[in-house]
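Student: Provided herewith is a single structure, encoded as structure tokens, for subsequent inquiry.
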Amino acid sequence: MLEIEKLAVSYGKHIALHDVGLAVGKGETVVILGANGAGKSSLIKAICGMVPARGESAIRHLGKSLIGLPAHGILEAGIATVPEGRGIFGDLTVDENLQIGAYVRRARQGEAKRRALVFELFPRLAERRRQTASTMSGGEQQMLAIGRALMSDPTLLMLDEPSLGLAPVLVQELFAALSRIRETGVGLMIVEQNVRISLSIADRGYLMEAGRVVGQGSATELIEDPQVQRAFLGMAATAQ
Amino acid sequence: MRKGATWAGLALLLAVLAAAPLYVSPYVLGLLVGIAGYVTLATAWAMFSGPTRYVSLATVAFFGIGAYTVAVLSETLPYPLVLLVAALIGLAVALVVGLSTLRLAGVYFVIFTFGLAELVRQLVTWYEINVTGTLGRYIFLPLGPEHIYWQLLALAAFTLSLSWWVSRSRIGLALKVIGDDEVVAAHSGINLTRTKLMLFAASSVIITLVGAIQAPRWTYVEPAIVFNPTLSFLTLIMALLGGATRLWGPALGAIPLFLLFEWLAANFPNHYSILLGLLFILIVFVLPNGVLAFAEKLWGGNAGKVAAATRGTPPS
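Those protein sequence lines, which keep their order, are chains A and B.
Under our numbering, the first residue of the first sequence carries the number 4, and numbering increases by one thereafter.
Under our numbering, the first residue of the second sequence carries the number 534, and numbering increases by one thereafter.
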């Protein structure tokens, strides 16, 4: 579904991504793992059109090239993004945020149906429809951000560090919801520091380091991979 | 029922205002012309700058372009055509300026728009001195104050209607979230550039027309008169006083402030600018969200709760 080849991004002289290739199949859940500064967020930003990709890059979604499309064009092509930390409009109510989520042309039909789906996934949002978003808890705001993204009827949903700053119990709840979203057939691409829980709902994963993809495999392979265990799961002692 | 009564009331108000030249003195008519002009300017300014929070000081650039177009073309073209040309020039400038500046955020946009007004004034001055060899032009149009007043009144009514329509439309919602967070707005599929540009252009064309319509009042026009930056600041402060995010806010700010400025200019001609500056500071400190928001807060949670409740479910 999503195919990326030779993706390169640079900020001035600093090269953030180099020769990155990866793919997400239809309805597949893929996790991108890597330390801070590995280029995970740049990857998300390049796909959703917030930073330009260099000349040789190729990004296709469902056969359509995304290179050079503005952010709203990429959403129109079916890729929705929940950016890191802030994915909602604090001054608007829950209902208004969801209404904005359905702003794109592809989402104008069936808005009510998708709103019902979002409320089914996140019952807490249904209780707070008229509440101003900024007055809700961090967990509820993250759910609203995901709901807002789902309102655009995406075929692929990208999430940049969705569990950042959430209490452990909320992280569980969040991934339970992502797992239900996955069952509806939406492809997921998740950038996460929380490796164990994100691999638990993923099909496959990629490892990134210094702007390159340095490894990949199925979720079960990755969780057993000594490199992953050493780097992310704090198993240096047991790996010996 | 209530809706019908509101519409009838507005229609009646418009009729009473339109008939004003028949029963008020020439002095009052002069005041009404000024009020209608500033109500239109402040409402048009707030239509773009209110929701997006892009504070523009380019008001006088467009106003002056309108006035100067009339000054240059009034003897060669029929009057309605002159207005049309003025609107088109305003539109062209707005599109060029908008495309090149609406990426600027915050204070950079403010400074650019302020610079733009000065740039246009200097360009016109340079052209008049070096090419036409005169600075200043006469406008002889057979238009009395009542004709100008009626045109401005119609334009004010149109601007308020447009502003009302925008605030209820999808584009109004898009504009509001652009002011809230541009990054998330882009992730929500909003075409930032097009949305901002459309509203900036609409607002600028209206401002250009105000300048064009008011030009015949001066008879004599020169760049220092029609590109006076005070006009930009007055428009801004009026909109802020009333509340730039509400439909009637700018109008409610424009009326008392215009009358106050007239009174100050008549009674304290030498200290006018100082008093203006003090007032500006006072308004920003005391009423940062405008009188309407302040009044709502004053009347307690009740009004606020009702407003929150009636925002309710959006039409699907």
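We put the CB at the ideal spot given by N, CA and C, even for glycine.
(1) Would you kindly report the start and end of the unbroken alpha helix (DSSP H) that includes residue 703(B)?
(2) Is it a yes or a no for the stretch 616-627 of chain B touching the stretch 545-565 of chain B, going by three-plus beta-carbon pairs under 8 Å?
(3) Given a cut-off of 9 Å, decide if residue 71(A) and residue 244(A) are closer than it, judged by their beta-carbon atoms.
(4) Residue 795(B) lies in the alpha helix (DSSP H); which residues open and close that run?
(5) Hey, out of 639(B), 697(B), 574(B), whose CA is closest to residue 588(B)'s CA?
(6) Determine the closest residue to residue 199(A) out of 32(A), 218(A), 43(A), 232(A), with distance taken between C-alpha atoms.
(7) Helix or strand or just coil, what does DSSP make of residue 720(B)?
(8) Could I get the ranges of all uninterrupted alpha helix (DSSP H) runs contained in the stretch 35-110 of chain A, with 4 residues as the minimum, in chain order?
(9) Using the Cα positions of residue 217(A) and residue 41(A), report the straight-line distance between them to the nearest angstrom.
(10) Give me, in chain order, the residues of the same chain whose beta-carbon lies closer than 7 Å to that of residue 843(B); leave out the 5 immediate sequence neighbours on both sides.
(11) Does the separation of the CB atoms of residue 770(B) and residue 782(B) fall below 9 Å?
(12) Mind pulling the chain B residues with CB within less than 7 Å of residue 79(A)?
(13) Can residue 124(A) and residue 150(A) be called in contact, C-beta distance under 9 Å?
(14) Report all residues from its chain with a CB closer than 7 Å to the CB of residue 753(B); omit the five preceding and five following residues, and keep chain order.
(15) If we count the other Cβ atoms within 10 Å of its Cβ and call it buried at 16 or more, is residue 22(A) buried or exposed?
(16) So, under 8 Å CB-CB, residue 744(B) and residue 581(B) are touching, yes? Tell me the CB distance rounded to an integer number of Å.
(17) On the DSSP bridge assignment, give the partners of residue 13(A) in chain order.
(18) Considering only C-alpha positions, which residue in the set 546(B), 625(B), 646(B), 737(B) is nearest to residue 634(B)?
(19) For chain A, is any of its Cβ atoms less than 9 Å away from the one on residue 634(B)?
(20) I need the DSSP call for residue 216(A), collapsed to helix, strand or coil.
(21) Give me the subset of the stretch 763-794 of chain B whose CB atoms are less than 9 Å from a CB atom of chain C, sorted by chain position.
(22) How many whole angstroms separate the CB atoms of residue 165(A) and residue 83(A), which I take to be in contact at a CB cut-off of 8 Å?
(23) Counting Cβ pairs, one atom from each stretch, are 3 or more of them under 8 Å apart for the stretch 571-578 of chain B and the stretch 752-768 of chain B?
(24) So is residue 71(A) in contact with chain B if we call contact Cβ pairs under 9 Å?
(25) Among residues of its own chain, excluding the 5 on either side of residue 535(B), which ones have a beta-carbon nearer than 7 Å to its beta-carbon?
(26) From the DSSP output, in three-state form, read off residue 543(B) for me.
(27) Select from the stretch 97-122 of chain A all residues with a C-beta closer than 7 Å to any C-beta belonging to chain B, and list them in chain order.
(28) Grab the span of the alpha helix (DSSP H) containing residue 146(A) for me, first residue to last.
(29) Three-state secondary structure (DSSP) at residue 226(A)?
(30) Where does residue 230(A) land, buried or exposed, given buried means 16+ other C-beta within 10 angstroms?
(31) Exposed or buried, residue 201(A), counting other C-beta atoms within 10 Å across all chains shown (16 or more means buried)?
(32) Counting contacts by CB-CB distance shorter than 9 Å, is residue 726(B) in contact with chain A?
(33) Just to confirm the assignment, what range does the alpha helix (DSSP H) spanning residue 563(B) have?
(34) Using a 10 Å radius around the Cβ and a threshold of 16 neighbouring Cβ atoms, would you call residue 774(B) buried or exposed?
(35) For residue 93(A), go through chain B and note every residue whose CB falls closer than 9 Å to its CB, in chain order.
Tutor: Result, derived from the coordinates:
(1) 703-713
(2) no
(3) Residue 244(A) is absent from the model: chain A starts at 4 and stops at 243.
(4) 782-800
(5) 639(B)
(6) 232(A)
(7) Looking at residue 720(B) - three-state DSSP - the assignment turns out to be helix.
(8) 43-50, 74-79, 97-104
(9) 10 Å
(10) Low confidence applies here, because residue 843(B) scores a pLDDT of 40, under 50, leaving its location unreliable and the question unanswered by this model.
(11) no
(12) 722
(13) yes
(14) 669, 671
(15) Counting the other CB atoms within 10 Å of its CB gives residue 22(A) a total below 16, which places it among the exposed residues.
(16) Actually they do not touch by this definition, with Cβ atoms about 17 Å apart.
(17) DSSP lists 18(A) as partners of residue 13(A).
(18) Nearest of 546(B), 625(B), 646(B), 737(B) to residue 634(B), Cα basis: 646(B).
(19) no
(20) strand
(21) Absent from the structure is chain C; the protein chains it does hold are A and B.
(22) Actually they do not touch by this definition, with Cβ atoms about 13 Å apart.
(23) yes
(24) no
(25) none
(26) Residue state, collapsed to three classes: helix.
(27) Of all residues in the stretch 97-122 of chain A, those with a C-beta nearer than 7 Å to a C-beta of chain B are 98, 99, 102, 103, 104, 106, 107, 114, 115, reading in chain order.
(28) 141-153
(29) helix
(30) exposed
(31) buried
(32) yes
(33) Start and end: 559-585.
(34) buried
(35) 713, 714
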